Amino acid sequence: MTIKHHIIDTLPKHPISRIGKCLVEMGKISIEDTEKILKKQNETGQRFGDAAISLGLVSDEDIKVALSQQFEYSFITPANSTYHKDLRAAYDPFSNQVESYRGLRSQLLFRWFNEGFKAVSFISSNRGEGASYLVSNLAVTFAQLGKKTLLIDGNLRHPRVHEIFNLKNKFGLSDILVDRVSVIDALQHLQDIPNLSVLSSGTVPPNPQELLGRLTFNQIIKNASTVFDVILIDTPAISDCSDSQIWSSLTKGVVMVSRLHHTSIEDLKVLKRSVDLTDASVIGAVVNEF
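The numbering of the sequence shown is the numbering used here, which starts it at 1 and goes up by one.
In structure tokens form, the structure reads like this:
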């Protein structure tokens with residue numbers, strides 16, 4: 001009986017919730033703060049996080065970060081990252097805008113990836129229609145889902161992906177194609193976003209279309225398909241060149257990207273005809289509004 005009595009006395013009277021432990025580990029609250037929060041929680045019946053917010057000890061963003069860690073869901077605060085502010089899927093995954101990315105992700109899963117395909121190209125009519133930001137945010141959402149995701153910047157003329165993720169672009173796709181670097185050495189894995197790897201465009205070459213026509217190009221995608229669950233490719237605008245047709249033919253699946261009040265109906269017709277010249281299928285169309 002003495003032993004049992006001793007054990008009962010040493011147990012915490014107010015066990016801290018998992019989110020409370022996470023906030024302590026993050027350095028957002030102290031052990032002393034947890035007593036105040038638990039007292040508030042008992043008085044009001046609030047959840048631990050809500051009680052902590054009402055006491056002014058943490059912010060709503062702190063709670064979101066703690067929850068993301070609990071559920072292994074990649075979430076980054078802008079203050080702790082150098083990624084572009086428009087990478088909303090990483091910074092603000094609970095917003096309506098990111099919910100639309102998740103909707104697109106679901107459609108691609110049902111209509112493409114669950115059918116055994118691994119890669120899809122994103123093409124637009126003109127520069128400035130938001131294709132690079134769309135595919136970058138979408139890549140983050142696939143990684144958040146636990147899918148091993150590869151984002152390739154297939155725009156060897158005006159690359160943007162490395163700027164969005166604030167990555168070095170010393171070596172990338174073009175350098176692999178001329179045997180300057182191996183695929184393993186060119187891949188960049190994002191520590192802040194588990195499951196996401198980026199292959200930047202690399203050195204801007206004088207002959208991008210000729211490089212994309214090499215046998216090495218096809219082999220890169222084939223090898224990547226054995227490692228990754230999802231491969232998303234950002235391609236140059238049709239108005240700039242026909243490189244995206246090569247990507248479309250390789251991936252067999254295309255998502256057409258346009259911009260509200262910017263892309264004309266004629267632009268979309270030209271874009272669709274360019275896809276029709278390949279053996280690829282249009283599996284989706286997205287209209288960006290910004």
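Idealized CB from N, CA, C, for every residue including glycine.
Quick caveat: nothing in here was measured; it's all calculated off a predicted structure.
- In terms of Cβ geometry, S200 and R160 do not form a close pair [threshold 7 Å].
- Following the DSSP letters along the chain, one finds V270 inside the alpha helix (DSSP H) bounded by residues I265 to D276.
- I29 is a Cβ neighbour of L23, given a cutoff of 7 Å.
- The Cβ neighbour count for F110, taken over all protein chains shown within 10 Å, is under 16; the residue is labelled exposed.
- With contacts defined as CB atoms closer than 7 Å, H162 and N169 qualify as a contacting pair.
- Counting the other Cβ atoms within 10 Å of the Cβ of R47 gives fewer than 16, which makes it exposed.
- Rounded to the nearest angstrom, the gap between the Cα atoms of I233 and I76 is 23 Å.
- Secondary structure note for N96: its alpha helix (DSSP H) is the uninterrupted segment N96 to R111.
- For the region 129–153, the full-length beta strand (DSSP E) segments reaching 3 residues or more read 149–153 along the chain.
- The C-beta distance from G20 to T34 rounds to 5 Å, short enough to meet the 8 Å contact threshold.
- Distance between V181 and Q41, taken at the CA atoms: about 57 Å.
- For I37, the uninterrupted alpha helix (DSSP H) segment begins and ends at I31 to T44.
- Annotation for I283: no alpha helix (DSSP H) segment contains it, though the beta strand (DSSP E) segment containing it runs S281 to N288.
- If you ignore the 5 residues before and after T278, its C-beta comes within less than 6 Å of the C-beta of Q245, S248 and S249, all in its own chain and listed in chain order.
- Under the DSSP assignment, I193 falls outside any beta strand (DSSP E); it carries neither an H nor an E label.
- For L250, the uninterrupted alpha helix (DSSP H) segment begins and ends at D243 to T251.
- Counted as a single uninterrupted DSSP element, the beta strand (DSSP E) harbouring F122 occupies residues A119 to S124.
- By the Cβ rule, the region 114–124 does not count as touching the region 184–203, because fewer than three pairs are nearer than 8 Å.
- Membership of V161 in the alpha helix (DSSP H) is indicated by the continuous run V161 to I164.
- In the DSSP annotation of this structure, V230 is not part of any alpha helix (DSSP H); the continuous beta strand (DSSP E) holding it starts and ends at V230 to D234.
- By the Cβ criterion, the region 140–147 is in contact with the region 218–234, since at least three pairs of Cβ atoms, one from each stretch, lie closer than 8 Å.
- Closest in alpha carbon position to G253, among G213, G49 and E115, is E115.
- Judged by DSSP secondary structure, D240 falls outside any alpha helix (DSSP H); it is assigned neither H nor E.
- When the Cα atoms are used, D243 and E99 turn out to be separated by approximately 31 Å.
- Linking E43 to R105 through their CA atoms gives a straight-line distance of about 42 Å.
- Here T203 is near D175, since their CB atoms are less than 7 Å apart.
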